[in-house]
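Protein chains in written order, with the working numbering: chain A, 1 to 399; chain B, 1 to 544. Report on one structure; see the data block that follows.
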């Protein structure tokens, strides 16, 4: 009786021993890792603290191609027994370092921090325009895409000024990287917020060698704004130019991926009238005649006239509405024209999806021009057919 | 050609790993069998019979001598040492013979004894009784009147509470007046409360319990068979079933297992459960216990068998399946839509009661990336200053909750609720304040505890509580992988488990679509026209 029991106990014990030390190896308590939620990439130059380190001889061999700034959360001076935490200073810590490889910089942070970095919760990547002039976006995001910790849903932004400034905020209790990742919620109110580009989307865009736009950030006075878009050239992967806010809006309407936003113009008395788009439908029809490729763009929008400063107007009659429709159509057409001039003449890049329409509707023609598409696009004729309809005047009192 | 094939062959270390991986199930099943046979021997039917034969109940063959004085002396000698035994010797006036009344104090109705029995025997019992000894049964005006076959059974019965009567000139002792010991009134079921439905619950008296079953409805098919169990102290055990529904093979199996039971005293139905269940190593109960007659009768109508034991209000239902543990009689009394919702809630609660702490451990210690960022941040802030790894943290709180719950059962009624408040609120809050545990964990543990209270069967609740700790260990060592592994192990064990030949997980596995009507949700009664397919009943129509 006793010998089989001993054997069984021994086996159980040994198997437990086998499992237990081999387990646990991947155990990391959540409070023992440092989450970073934002990463900003800037032109290479030693960060101020780094300069001090280096002056004391803390160096390693590098050429300072890029500076990376991480936003670590939550960072709080630990207050024990403090039930009322009313003096919350900053909830995040930004840490900068420069070097030649992004991974190397991240690992370099490990000799400055008390907890290992963990990238599962990375929300935004911000790349400065200055850096994108020198390096291609493919090179910069290579590590971020390869790494398995970093989610493909991370958003990518471009910053007009230094990228690390976008990760600073004067607002209390606000983490700028969260602010940036949540700002896309405003797409239902304005088309100036572009469809967010995630890391995985960026991957497909860079590999297809097509030009594309990224949302641009502008900082000022400790706050930031999503302002316009940056055009990344498909073949070089570098920054070639910016679109202003109205261009960005038009771009969104043109590609039809968002039906929000306002159109403001003056009426015949020189007073402001504002129209808000309720629904918008756009259609790009390519026409191929021999070598000549042209596009017909139809834009139909329905919306409400929601603000007018003209006290003399009688805003319910059909005539009035039709006259206003006309003015709004002219205004929209002018905006579109401005965008097309920039895209076709200034930057010579198709970021509005004309090429894609052509590829879908006329694959044979697309095949011929595919290699040189940005040039062909800049020469093709684009005509607009714009219809704006007001179907709602809001509520007002009749005299 | 061949060399190119060979180049794809794995190296020896891969083969070694494969061999080890192959050994794991073999070793595991070997260990399991060894463990099973260790304690399985006591339940072996052969040993039980072998034991019985060499030591036959020796005292059984000592008959009455027929001589009053001798028998009286023998009885006095054998059981006279009991101080609670009263023997009242008297003379029957009309017959002029001596007689002795034996009884144990406190087990008879004193009024009946004094006023009726004694009066009758001393003054009224006349010559007609005495003249025809063989007609004694008919002549004495008692409802319960047996002739004791031997002196020893007379002694035993007297000590069990019968009133024994020894009359001069009679060949053997008589047993009159059944035991009427202290008994409890019928109360509401304590462990299985519900809002709607009968409030009746079984008591400790077997005869009361069987009568409760009979009173459920008129039927000639409800059959109750009584057995004597226990080798030293014998007790009555009754099997109840519906004769024309129950599967005869199942009935035979239950009877056989009951007869094979070999234990000196069966104190409670838990003893029976452990002695006749299929797999004593399983954490899951393979017989359902209940104190509700309506539950028993419903089970019998599904083709199950009830095992009633004298001296306990808990009746066993065999066979049991997993789905029964999460069903409540109320599901059938309420309308089908709300009861389906409640039943699904119970499944969710059972899952949470089992897995919530292990999920917490695996998320906190292994996969912080799987928590939504905002939640991760608040957990980090909450856990700042908690000095323990999550397993220790969870164990501290879980163990104290379990202790609290155990204490709550033992505590006297007026103190109980106060203790719950002290324990739940003060200890939890103080532990957070002291930095022992994080506030987030308090939520997890509270949700777990509340979920486990929603399980209708108390025994199933204990099983889940036990398994929760196992799951926590798995999670602490292997993270999410361990948690899933634990769940899979549990599932594979349940798939293999059987209760009296009925697979425990049926109708999920083996798949019986017909029985799904009464599994996660309860179909309207109009759709449940037939009895569960899993019971293989003789008559499976519920509607004509």
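All C-beta atoms, glycine included, are put in the ideal place defined by N, C-alpha and C.
7 Å Cβ cut-off: residues of chain A touching residue i
i             : result
residue 377/B : 73, 74
residue 398/B : Ordered by position in chain A, no residue passes the 7 Å Cβ test against residue 398/B, which lies about 18 Å from the chain.
residue 390/B : 29
residue 226/B : Neighbours of residue 226/B on chain A: none; closest Cβ ~37 Å, over 7 Å.
Residue i versus residue j: straight-line alpha-carbon distance, rounded
i             : j             : result
residue 275/B : residue 288/B : 14 Å
residue 59/B  : residue 74/B  : Since pLDDT at residue 59/B reaches only 48, below the 50 mark, its modelled position is unreliable, and the value read off the structure follows with that caveat. So the two alpha carbons sit approximately 13 Å from each other.
residue 290/A : residue 344/A : 21 Å
residue 200/A : residue 492/B : 39 Å
residue 45/B  : residue 260/B : Residue placement at residue 45/B is flagged as unreliable, the pLDDT there being 47, under the threshold of 50; the coordinate-derived value follows with that caveat. Taking the straight line joining both Cα atoms gives about 5 Å.
residue 133/A : residue 316/A : 52 Å
residue 231/A : residue 345/B : 53 Å
residue 78/A  : residue 151/A : Note that residue 78/A scores a pLDDT of 48, beneath 50, so its modelled location is shaky; the value from the coordinates is reported in the next line. Rounded to the nearest angstrom, the two C-alpha atoms are 29 Å apart.
residue 37/B  : residue 351/B : 32 Å
residue 614/B : residue 251/B : Summary: the structure shown does not reach residue 614/B, with chain B confined to residues 1 through 544, and so no result is reported for it.
residue 42/B  : residue 282/B : The predicted position of residue 42/B is uncertain, since its pLDDT is 47 and thus under 50; a value taken from the coordinates is nonetheless stated next. If I take the Cα positions, the gap works out to 17 Å.
residue 160/A : residue 17/B  : 55 Å
residue 412/B : residue 190/B : 15 Å
residue 127/A : residue 198/A : 13 Å
residue 385/B : residue 209/B : 58 Å
residue 288/A : residue 264/A : 35 Å
residue 85/A  : residue 202/A : Low per-residue confidence applies at residue 85/A: pLDDT is 49, beneath 50, and the placement is therefore not dependable enough to give any value.
residue 243/A : residue 356/B : 51 Å
residue 465/B : residue 353/B : 7 Å
residue 484/B : residue 441/B : 21 Å
residue 525/B : residue 335/B : 9 Å
residue 239/B : residue 144/B : 24 Å
Proximal residues of chain B, C-beta to C-beta of residue i below 7 Å
i             : result
residue 404/A : The first residue shown for chain A is 1 and the last is 399, placing residue 404/A beyond what the model contains.
Identity of the residues DSSP links to residue i by a beta bridge
i             : result
residue 300/A : 281/A, 387/A
residue 94/A  : 71/A
residue 86/B  : 103/B
residue 239/A : 232/A
residue 32/B  : According to DSSP, which records beta bridges pairwise, residue 32/B is partnered with nothing at all.
residue 409/B : Note: residue 409/B sits in no beta bridge, so no partner.
residue 289/B : 316/B
residue 228/B : 236/B
residue 503/B : 498/B
residue 264/A : 274/A
residue 123/A : The partner list for residue 123/A (beta bridge, DSSP) is empty, contrary to what the question assumes.
Chain-ordered chain B contacts of residue i [CB-CB under 8 Å]
i            : result
residue 26/A : 366, 479
residue 8/A  : 31, 34, 35, 38
Where residue i meets chain A, residues with beta-carbon distance less than 8 Å
i             : result
residue 283/B : Within 8 Å Cβ-Cβ: nothing; residue 283/B doesn't reach chain A, min ~16 Å.
residue 387/B : Within chain A, no residue comes near residue 387/B; the closest Cβ sits about 11 Å away, beyond 8 Å.
residue 303/B : Near residue 303/B there are no residues of chain A at all, since even the closest Cβ is about 38 Å away, more than 8 Å.
residue 373/B : 35, 37, 121, 123, 178
Within chain A, partners of residue i - CB distance below 9 Å
i             : result
residue 27/B  : 11, 15
residue 538/B : The premise fails here: residue 538/B is roughly 43 Å from chain A at the closest Cβ pair, so nothing lies under 9 Å.
residue 276/B : Those do not exist, as residue 276/B stays about 24 Å from chain A at its closest Cβ, beyond 9 Å.
residue 79/B  : Neighbours of residue 79/B on chain A: none; closest Cβ ~40 Å, over 9 Å.
residue 380/B : 30, 31, 33, 35, 73, 74
residue 408/B : Correct list: empty, because the minimum Cβ distance to chain A is about 30 Å.
Residue i: CB within 7 Å of a non-hydrogen atom of the ligand COA
i             : result
residue 140/A : The ligand COA is not part of this structure, which contains no ligands at all.
Review point. Going along the region 98 to 122 of chain A in order, which residues come within less than 9 Å of chain B, judged by CB to CB distance?
Key: 118, 119, 120, 121
Exercise for review: Determine, using beta-carbon pairs with one atom in the region 313 to 327 of chain B and one in the region 431 to 448 of chain B, whether at least three such pairs fall under 8 Å.
Suggested key: The region 313 to 327 of chain B, when compared against the region 431 to 448 of chain B, does not touch it at the 8 Å Cβ threshold.
Point to revise | the region 321 to 331 of chain A in contact with the region 358 to 367 of chain A per 3-pair CB rule at 8 Å | key: no
Check your understanding: With contact counted as at least three CB pairs below 8 Å, one residue from each stretch, are the region 301 to 320 of chain A and the region 213 to 221 of chain A in contact?
Key -> no
Practice item. Mind the definition here: the region 47 to 67 of chain A touches the region 399 to 411 of chain B only if three or more C-beta pairs lie below 8 Å; say whether that holds. Key: no
Check your understanding: If contact means a Cβ-Cβ distance below 8 Å, which residues of the region 464 to 498 of chain B contact chain A?
Key -> Within the region 464 to 498 of chain B, the residues whose Cβ lies closer than 8 Å to some Cβ of chain A are 476, 477, 478, 479, 482, listed in chain order.
Check your understanding: At a Cβ cut of 9 Å, what residues of the region 126 to 152 of chain A count as close to chain B, listed as they run along the chain?
Key -> Cβ contacts with chain B come from 149, 151.
Review point. Per the contact definition of three or more C-beta pairs closer than 8 Å, is the region 274 to 281 of chain A in contact with the region 223 to 230 of chain A?
Key: Between the region 223 to 230 of chain A and the region 274 to 281 of chain A there are fewer than three C-beta pairs closer than 8 Å, too few to call the two in contact.
Review point. Which residues, in order along the region 29 to 51 of chain A, keep a beta-carbon less than 8 Å from a beta-carbon of chain B?
Key: 29, 30, 31, 33, 35, 37
Check your understanding: Of the residues that make up the region 414 to 435 of chain B, which ones have a beta carbon closer than 9 Å to any beta carbon in chain A?
Key -> 433, 435
Review point. Does the region 122 to 132 of chain A come within contact of the region 188 to 195 of chain A, defined as at least 3 CB pairs closer than 8 Å?
Key: At 8 Å Cβ cutoff, the stretches do not touch.
Exercise for review: Could you tell me whether the region 328 to 343 of chain B touches the region 368 to 378 of chain B, where touching means 3 or more Cβ pairs closer than 8 Å?
Suggested key: no
Review point. With contact counted as at least three CB pairs below 8 Å, one residue from each stretch, are the region 184 to 201 of chain B and the region 94 to 110 of chain B in contact?
Key: no
Exercise for review: Check whether the region 64 to 84 of chain B touches the region 142 to 159 of chain B, taking contact to mean three or more Cβ pairs, one atom from each stretch, closer than 8 Å.
Suggested key: Yes, the region 64 to 84 of chain B touches the region 142 to 159 of chain B.
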